[in-house]
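A short worksheet on the structure shown next.
Numbering (my numbering), first residue to last: 130 to 807.
Printed below as a string of structure tokens:
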């Protein structure tokens, strides 16, 4: 890293304006344009990683405009060094967004008379540094130096400087003297952030290092920044100052997609209402051609029912999916390392395939069962449930990779064979959540009924956790420990009163092709005390069996792929369903279409709306299923150009008086259009 003791005032004019709110150590900012340009933004996508107090923020910025130099401004809690900043491959954002996107599946009901015993419900199983002081520029009301360049370095196509300020008036004056028309009244808003000592990360873009298309559009490399803080928050509200009256098709509303990757933990909002997107809904066949429109209609309906809420759309292990939007959809260790796993204190070694963790086993030498139940039978039952104990252990290792000790459990077995009165008799493991998880697991166990007149059977079961973890905790499958949460907010100038503050939440399940004993499909989101997250926004077009039913015990509601072609060899469960269609680039999807036109009558009842008459199905199915939407394609063609990051247009408006717009940019990126001298 290079530091600079002097910096010409002309460079100071490139540094623009950004704010760092007092409520959390995260990022917020403005776009600052010259007097002849306007900046627009209608979608933001960020990826966060969190481990202990370490936060990694990755953000992508796409812009449309003339090939002139731009700069980005990000407020940060500390002075960042060269090792704290990296550029990423844009494909990583496509990977994360595709994996967590809403998905549409299509199922055909199997012949009710051809379903054999044990074949019901076959779908839905998991398929697959610091710098020295610099020259102060920017004169406050007293004429003293109030802006300092702390450090300078280059990363990818970015030339980075770290800025500090002692007076908000200095920043305000600095920008105005350099020709940027910032809004009236900005200085009072700057004051609290400057007073708390925030730094400003400024990344100037060298246009000679990026390629523009014929429309003057380019994709910048995503930027990744990491820092330590007790707070886990993302500031957003101050970035709405001078937002345009209309952004995209949403009449001034903007979409924010926050993806959080964290070991063993789902996140939700601590200071906003939380809602889950309705899932496992059956939709009309028309949704196949208009899946994007259907989904934004459902999302808008959800916000109408839950005003001001942030919507959870996905919470699932990052290395698996069901159904998967393509065979390569699950994330790899390499991708997690790129997104920030390499700087996570407890996980960098494990993701690289190294390090030592721990393993759990039942101490069978000390395992004791009172008379009335055969000890060998009880041991076999306990061994059959070992994976449940390993699941608890895996979640504990997400919190602390090195766990050692002993947990001694006492419980009873009653006349029905059910375990009861489960309690931790003694524990040397410093993890109450692990103790609780193990207790809840054992409470679900069932043993053979004890002998008559045996009464209550007492059981003592010690668990031993020792150093030397199994291979599954490291190497290729370490990504299994990370939960990918997707949170979706849609907001305008009036709807954000506070910055987003995140908190850990219980695991949640929903959106799977799983049915209860009555054959009813699971509906909505169900938080659980034990287990892994498995929630997704999933919708289905279903084709009921239309043939004859000529058997005594037909079994309805067994779904699979399309009917087999004549002579086609298929397995015992029929053909495989096609890969799901995914809905992406939702900010540019046409809004305002009636939700009722896409849903079935039963789904309309669940949503509290009246479904429109369904479109007639085609008389003949295509010979082969329609190909699934690829990971990088939107489900529906966008009516206006859109990107997976933050799309920004800079175009002078005819007859417009000189002014500039300042608004949110990647919730922490400020974009500055340079004013050329002379």
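Where is the CB? At the ideal position from N, CA and C, for every residue including glycine.
**Beta-carbon gap between residue 634 and residue 488 smaller than 8 Å** = no
**Asked** So what does DSSP say about residue 664, is it helix, strand or coil?
**Response** strand
**Request:** Can you grab the Cα-Cα spacing for the pair residue 400 / residue 555, in whole Å?
**Result:** 38 Å
**Request:** Identify, in the order they occur along the chain, each residue of the same chain with its Cβ nearer than 8 Å to the Cβ of residue 613, setting aside the five sequence neighbours on each side.
**Result:** 225, 228, 229, 388, 389, 390, 443, 444, 445, 446, 447, 460
**Proximity to residue 688 [Cα-Cα], best of 650, 655, 581** = 650
**Item:** Backbone CA spacing between residue 295 and residue 332 [nearest angstrom]
**Value:** 21 Å
**Request:** Go ahead and label residue 645 buried or exposed: buried means 16 or more other beta carbons lie within 10 angstroms of its beta carbon, across all protein chains shown.
**Result:** exposed
**Message:** Which residue wins for smallest C-alpha separation from residue 339, given the options 288, 623, 722?
**Reply:** 288
**Item:** Own chain, CB closer than 8 Å to residue 213, minus 5 neighbours either side, in chain order
**Value:** 258, 354, 355, 356
**Prompt:** In this structure, does DSSP put residue 656 in helix, strand or coil?
**Reply:** strand
**Asked** DSSP on residue 510, reduced to helix/strand/coil?
**Response** helix
**Prompt:** What does a CB cutoff of less than 8 Å around residue 580 pick up in its chain, not counting 5 residues either side in sequence?
**Reply:** 501, 502
**Request:** Kindly give me the distance between the Cβ atoms of residue 662 and residue 636, rounded to whole angstroms, as I take these residues to be in contact under 8 Å.
**Result:** 5 Å
**Prompt:** Identify the residues that DSSP records as bridge partners of residue 710: which are they?
**Reply:** 233
**Request:** Specify the secondary structure class of residue 516 as computed by DSSP and reduced to three states.
**Result:** helix
**Prompt:** Cβ of residue 179 less than 8 Å from any chain C Cβ?
**Reply:** Checking the listed chains, one finds no chain C in this structure; it contains a single protein chain.
**Run of the alpha helix (DSSP H) containing residue 424, from where it starts to where it stops** = 420–434
**Helix, strand or coil at residue 178 according to DSSP, with G and I counted as helix** = strand
**Message:** Does residue 408 come out as helix, strand or coil in the three-state DSSP assignment?
**Reply:** coil
**Request:** May I have the straight-line CA-CA distance separating residue 206 from residue 276, to the nearest angstrom?
**Result:** 16 Å
**Message:** So, under 8 Å CB-CB, residue 571 and residue 541 are touching, yes? Tell me the CB distance rounded to an integer number of Å.
**Reply:** At roughly 11 Å, the Cβ-Cβ gap does not stay under 8 Å, so residue 571 and residue 541 are not in contact.
**For residue 726, the nearest candidate out of 343, 337, 208, 427 (CA to CA)** = 427
**Asked** For residue 551, which residues from the same chain have a beta carbon less than 7 Å from its beta carbon, with the 5 sequence-adjacent residues on both sides left out?
**Response** 538, 540, 568, 571, 572
**Prompt:** So residue 550 is in the beta strand (DSSP E); what residue range does that whole segment cover?
**Reply:** 548–556
**Message:** Less than 6 Å between C-beta atoms, sequence neighbours within five positions excluded: which residues of the same chain meet that for residue 490?
**Reply:** 593
**Asked** Out of 660, 621, 513, 242, which has the shortest C-alpha to C-alpha gap to residue 562?
**Response** 660
**Message:** Which residue marks the beginning of the beta strand (DSSP E) containing residue 115, and which one marks its end?
**Reply:** The requested residue 115 is not part of the displayed model; the chain covers only 130 to 807.
**Prompt:** Would you call the CB atoms of residue 670 and residue 414 closer than 8 Å?
**Reply:** yes
**Request:** For residue 336, name the three-state secondary structure that DSSP assigns.
**Result:** helix
**Prompt:** Near residue 496, what residues of its chain come up, given a Cβ to Cβ distance below 6 Å and the 5 sequence neighbours on each side ignored?
**Reply:** 590
**Asked** So, are the CB atoms of residue 668 and residue 233 less than 8 Å apart?
**Response** yes
**Prompt:** CB residue 424 to CB residue 736, shorter than 8 Å?
**Reply:** no
**Message:** Give me the residue from 610, 621, 639, 734 with the minimum Cα distance to residue 479.
**Reply:** 610
**Message:** In the DSSP output, which residue or residues are listed as bridge partners for residue 537?
**Reply:** 555, 591
**Message:** Checking 8 Å against the spacing of the C-beta atoms, do residue 411 and residue 729 come in under that value?
**Reply:** yes
**Request:** Please name the residue in 684, 705, 685, 686 whose C-alpha comes closest to that of residue 694.
**Result:** 705
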